[in-house]
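Trainee: What follows is a single structure, and I will ask about it in a moment.
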Amino acid sequence: MVTVVTVPATTANLGPGFDCLGAALTLTNTFTFSASDRPCVVIRGAEAAGVASSTDNLAYRAYCRLYEHLGREAPPVYLEIELGVPLARGLGSSATAIIGGLVGANRLAGFPLSHTEVLELAIALEGHPDNVVPALLGGCRLAVREEHSGTWRWLDVPWDSDVVPIVAIPDFELATETARHVLPATCSYTDAIFNISHLGALLRGLETGHRDWLQVALQDHLHQPYRQCLIKGYADLHAAALAAGAYGLVISGAGPTLLALGDPVNAMGIASTLRDTWATLGVQARVEVLAVQQEGTTVQDR
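Just so it is clear: in the sequence shown, position 137 is 137 by full-length UniProt numbering, and no numbers are missing.
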């Protein structure tokens, strides 16, 4: 039996939803598992050279982690990974690997774990829920942790079909560790309250597609002011996106990919503006008009 697991890219934070909000997008990585007499990992795609093709591969380690959780030895597999999600760009490539490995193992083990149990393992491996939750479940998701039990809850966030995500993916990488290192250790009550109110506005704006609410809601005081300096031309791109009709421009995850939200009428113009603006700064960028992937991770046997 051959099992094919397809996992969507994700965009996390969406401005004020730092480390708790994310959405699945219509870019994917595919993980194909087949029986083998020894472990083997093969990577295909434009950035294959940047991914470990050994048992150190993150998807393979996640595969083994699920069996370890079950108290069973992981059977050797031939794992083929087809890359469609850019690496180290803030689009959840590591989350796709974790979810792909865990879901593949869960299928081959006979589905002993629920989605909730798989996500608990994924969050422990990733360190935070904002990418892995929508990668598995699809849609836009808000992750909330219960204070006393530590149990995670994931809430479905309605996303109006007229709110279009546009991603600008530059030709340079930004390590998550670098993006986290620039953040301060503490924040003020003023900044915390600012983000709480803006996250509330974002949830309502995404649900209704209300332009005025979204234009305010995408502002953030917890992470973006500190990370902007790591992304060449951020201020110019932000201004250009707004002038082209975007509701706003935010850093996707830890960056350097930038996410604009706009309406269907202006989406292509926003994309062209982002590409052209970055080009004037000497940065080549892949720009995509995408949609929210509602289906999440899929599993197919063949």
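Just so it is clear, CB atoms sit at the ideal spot from N, CA and C, and this is done for glycine as well.
Look up residue 150 in the DSSP assignment and say whether it is helix, strand or coil.
Mentor: Locating residue 150 in the sequence shown gives position 150, where the first residue counts as 1. Reduced to three states, the DSSP call for residue 150 is coil.
Trainee: In this structure, does DSSP put residue 166 in helix, strand or coil?
Mentor: The residue given as residue 166 occupies position 166 in the sequence shown. Of the three classes helix, strand and coil, the one that applies to residue 166 here is strand, per DSSP.
Trainee: Pop quiz: residue 220 and residue 15 are said to be a contact at Cβ under 8 Å. What is the actual Cβ separation, rounded to whole angstroms?
Mentor: As a first step, residue 220 is located in the sequence shown; it is residue number 220 there, counting from the start. As a first step, residue 15 is located in the sequence shown; it is residue number 15 there, counting from the start. The Cβ separation is near 5 Å, so the contact holds.
Trainee: Below 8 Å between beta carbons: does that hold for residue 283 and residue 227?
Mentor: As a first step, residue 283 must be located in the sequence shown, where it is residue number 283. As a first step, residue 227 must be located in the sequence shown, where it is residue number 227. Taking 8 Å as the Cβ cut-off, residue 283 and residue 227 do not qualify as a contacting pair.
Trainee: If you draw a straight line from the C-alpha of residue 299 to the C-alpha of residue 100, how long is it?
Mentor: Against the sequence shown, residue 299 aligns to sequence position 299. Against the sequence shown, residue 100 aligns to sequence position 100. Those two C-alpha atoms are separated by around 10 Å.
Trainee: Under the assumption that residue 248 contacts residue 261 (Cβ atoms under 8 Å), give the Cβ distance between them as a whole number of angstroms.
Mentor: As a position in the sequence shown, residue 248 is number 248, starting the count at 1. As a position in the sequence shown, residue 261 is number 261, starting the count at 1. Between residue 261 and residue 248 the Cβ distance is about 6 Å, and since that is below 8 Å, they are a contact.
Trainee: Classify residue 149 as buried or exposed, calling it buried when 16 or more other Cβ atoms lie within 10 Å of its own Cβ.
Mentor: Here residue 149 is taken as the residue at index 149 of the sequence shown, counted from 1. Exposed, by the Cβ-count rule.
Trainee: Please work out which residues of its chain come closer than 8 Å, Cβ to Cβ, to residue 72, disregarding the five sequence neighbours upstream and downstream, and give them in chain order.
Mentor: Within the sequence shown, the letter at position 72 stands for residue 72. Closer than 8 Å at the Cβ level, and outside the excluded window around residue 72, lie 109.
Trainee: Short of 7 Å in beta carbon distance, which residues of its chain neighbour residue 88, apart from the five on each side in sequence? Order them along the chain.
Mentor: Taking the sequence shown and counting its residues from 1, one reaches residue 88 at position 88. Hits under 7 Å: 173, 174 and 175.
Trainee: Would you kindly report the start and end of the unbroken beta strand (DSSP E) that includes residue 145?
Mentor: As a first step, residue 145 must be located in the sequence shown, where it is residue number 145. Here the beta strand (DSSP E) through residue 145 covers 140-145.
Trainee: Rounded to whole angstroms, what is the Cα-Cα separation between residue 3 and residue 210?
Mentor: Here residue 3 refers to the residue found at position 3 when the sequence shown is read from its first residue. Here residue 210 refers to the residue found at position 210 when the sequence shown is read from its first residue. One C-alpha to the other measures close to 42 Å.
Trainee: Alpha carbon to alpha carbon, what distance is there between residue 190 and residue 222?
Mentor: Taking the sequence shown and counting its residues from 1, one reaches residue 222 at position 222. Taking the sequence shown and counting its residues from 1, one reaches residue 190 at position 190. So the alpha carbons of these two residues sit roughly 11 Å apart.
Trainee: I need the boundaries of the alpha helix (DSSP H) containing residue 131, first residue and last residue.
Mentor: Within the sequence shown, residue 131 is the residue found at index 131, counting from 1. Counting along the chain, residue 131 falls outside any alpha helix (DSSP H), and DSSP gives it neither H nor E.
Trainee: In terms of alpha-carbon separation, which member of 22, 120 and 290 lies closest to residue 267?
Mentor: As a first step, residue 267 must be located in the sequence shown, where it is residue number 267. Minimum Cα distance to residue 267 is reached at 290.
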